[in-house]
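**Q**
Residue numbers (the numbering used here), protein chains in the order written: chain A, 7 to 125; chain B, 563 to 674.
#1: Chain D partners of residue 118(A), CB-CB under 9 Å?
#2: Is the shortest distance between the beta-carbon of residue 115(A) and the beta-carbons of chain B less than 7 Å?
#3: Considering only their Cβ atoms, is the gap separating residue 639(B) from residue 582(B) smaller than 7 Å?
#4: Mind checking which residues open and close the beta strand (DSSP E) that includes residue 74(A)?
#5: To the nearest angstrom, how far is it from the Cα of residue 59(A) to the Cα of residue 73(A)?
#6: I'd like to know if the segment 78-86 of chain A and the segment 62-70 of chain A are in contact, where contact means that at least 3 CB-CB pairs between them fall below 8 Å.
#7: Just mark residue 645(B) as buried or exposed, buried being the case when its beta carbon has 16 or more other beta carbons within 10 Å.
#8: Residue 26(A) and residue 82(A) - do their beta-carbons sit closer together than 7 Å?
#9: Within the continuous beta strand (DSSP E) that includes residue 658(B), where are the two ends?
#10: Quick check on DSSP: helix, strand or coil for residue 92(A)?
#11: Can you tell me which of 625(B), 658(B), 655(B) puts its alpha carbon nearest to the alpha carbon of residue 643(B)?
#12: On a Cα-Cα basis, can you pick out the residue from 54(A), 98(A), 76(A) that is closest to residue 34(A)?
#13: Are the CB atoms of residue 661(B) and residue 595(B) within a distance shorter than 7 Å?
#14: Do we get a CB-CB distance below 7 Å when we pair residue 51(A) with the residues of chain B?
#15: Starting from the Cα of residue 50(A), find the closest Cα among 671(B), 615(B), 637(B), 664(B) and give me that residue.
#16: Who are the Cβ neighbours of residue 649(B) in its own chain at under 7 Å, not counting the five residues just before and after it?
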């Protein structure tokens, strides 16, 4: 069974600064997806960024980027130029990559990191 | 805006009662998963449906059941409610060929 660990229950960062959220995972599979989701107080789970395990290049989405270390099973999220709207719970999640497109939708989540932005 | 809606937003039930939660997704999103998120925790996978059949289940008892309909809507039914069932229930949908799942805003269930 896969596990996802987020060791930072809370983080804070000054507005406009950079912050990195940590995530480690455990799996015996070679092909999988990793995600970072953001959950603001509105409760809506919003996809921030996605990484396919077979891709060596780290994913980036505007101010969000990841540092994916497959051998170390580490998947950290870097938020640059932090904004007040970035304040939320951030969840790291794992999903197996089946050979077909069907089935195995299960996301395994970490316990989350609460990010506070200091004005 | 993910195009996934859930109803109701909030619900209060008494222990032992039954509840039905609903999820509606975008056209073409033919897989749906349900998650339970207890306060201060990450979501836990309940089960998934593809083409109206359950094809994967997490560590939840049979009193948690579901349905998926041809119009891309789905239901989560919970029988014999227990106090520990109090949580946020999230549905997530995915279209064929897409790696991402899109979540609804959730239903907050309180069992008293």
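Here a beta-carbon is modelled for each residue, glycine too, at the ideal position from N, C-alpha and C. If you're wondering where the values come from, they're calculated on a predicted model, not measured in any experiment.
**A** The short version:
#1: This model lacks chain D altogether, as its protein chains are A and B.
#2: So, interface residue.
#3: Against a cut-off of 7 Å, the Cβ pair of residue 639(B) and residue 582(B) comes out as a contact.
#4: Run containing residue 74(A): 70-75, per the beta strand (DSSP E) assignment.
#5: C-alpha separation (whole angstroms): 12 Å.
#6: The segment 78-86 of chain A makes contact with the segment 62-70 of chain A, as at least three CB pairs between them are under 8 Å.
#7: Exposed: under 16 other Cβ atoms inside 10 Å.
#8: Yes, they are a contact pair.
#9: According to the DSSP assignment, residue 658(B) belongs to no beta strand (DSSP E), since it is labelled neither H nor E.
#10: Looking at residue 92(A) - three-state DSSP - the assignment turns out to be helix.
#11: The option with the nearest alpha carbon to residue 643(B) is 625(B).
#12: Relative to the Cα of residue 34(A), the nearest Cα in the group 54(A), 98(A), 76(A) belongs to 76(A).
#13: Not in contact: residue 595(B) and residue 661(B) (Cβ atoms no closer than 7 Å).
#14: Residue 51(A) has a beta carbon lying within less than 7 Å of a beta carbon in chain B.
#15: Across the set 671(B), 615(B), 637(B), 664(B), the C-alpha of 664(B) shows the shortest separation from the C-alpha of residue 50(A).
#16: If we look at residue 649(B) and ignore the five residues flanking it on each side, its Cβ neighbours are 598, 599, 600, 671.
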